[in-house]
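Numbering (our numbering), first residue to last: 9 to 160.
In what follows, a single structure is set out as structure tokens and then discussed.
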């Protein structure tokens, strides 16, 4: 699964390293700040099939992973007063201007898994004019997700 996102209000950490042959390797990890760590971890692991690192939730920061996608879930309260997001938190919906896009191998299977969980689906499964099939949902903190088929 690859992750593409228009990133406006979430932190991105890009890791860059070079080996002795000068090959580049870049990874993307999104950090989502949440008001309820348990709810968020449960959503990403139980609804979307991510795996939690460790056996119990680390209340300070909890990475979840699915294939090559890493989401870092952290408590909104840990942000310092001088953090970029802090002045805007009271006046803006979390995730405003961001669409997290998860590309999956079997979109119908993932859709049926989410549907069977009973979690609310924002937009049902459909083929879009650009040829990909997707559905949309909103996580417990208001982050908007589009789960889509891969481009062939």
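Heads up, the beta-carbon is just placed ideally off N, CA and C, and yes, glycines get one too.
By the Cβ neighbour-count rule, residue 119 is buried, with 16 or more other Cβ atoms within 10 Å of its own. Apart from the 5 residues on each side of it in sequence, residue 45 sits with its Cβ closer than 7 Å to the Cβ of 65, 67, 70, 81, 83 in its chain, given in chain order. Beyond the five residues adjoining it in sequence on each side, residue 59 comes within less than 8 Å, by CB distance, of 53, 72, 73, 74 in the same chain, given in chain order. The C-alpha of residue 85 lies about 32 Å from the C-alpha of residue 156. According to the DSSP assignment, residue 157 belongs to the beta strand (DSSP E) that extends over 152-157. In the structure shown, residue 160 falls within a coil segment according to DSSP collapsed to helix, strand and coil.
Residue pairing by DSSP places residue 85 in no beta bridge whatsoever.
The three-state reading of DSSP puts residue 111 in strand, counting E and B together. Secondary structure of residue 132 (DSSP, three-state): strand.
Following the DSSP letters along the chain, one finds residue 49 inside the alpha helix (DSSP H) bounded by residues 45-50. Closest by C-alpha distance to residue 36, out of 50, 51, 57, 78, is 78.
Partner residues in a beta bridge of residue 56, as assigned by DSSP, do not exist. Apart from the 5 residues on each side of it in sequence, residue 131 sits with its Cβ closer than 7 Å to the Cβ of 143, 144 in its chain, given in chain order. The Cβ atoms of residue 41 and residue 110 do not sit closer than 8 Å to each other.
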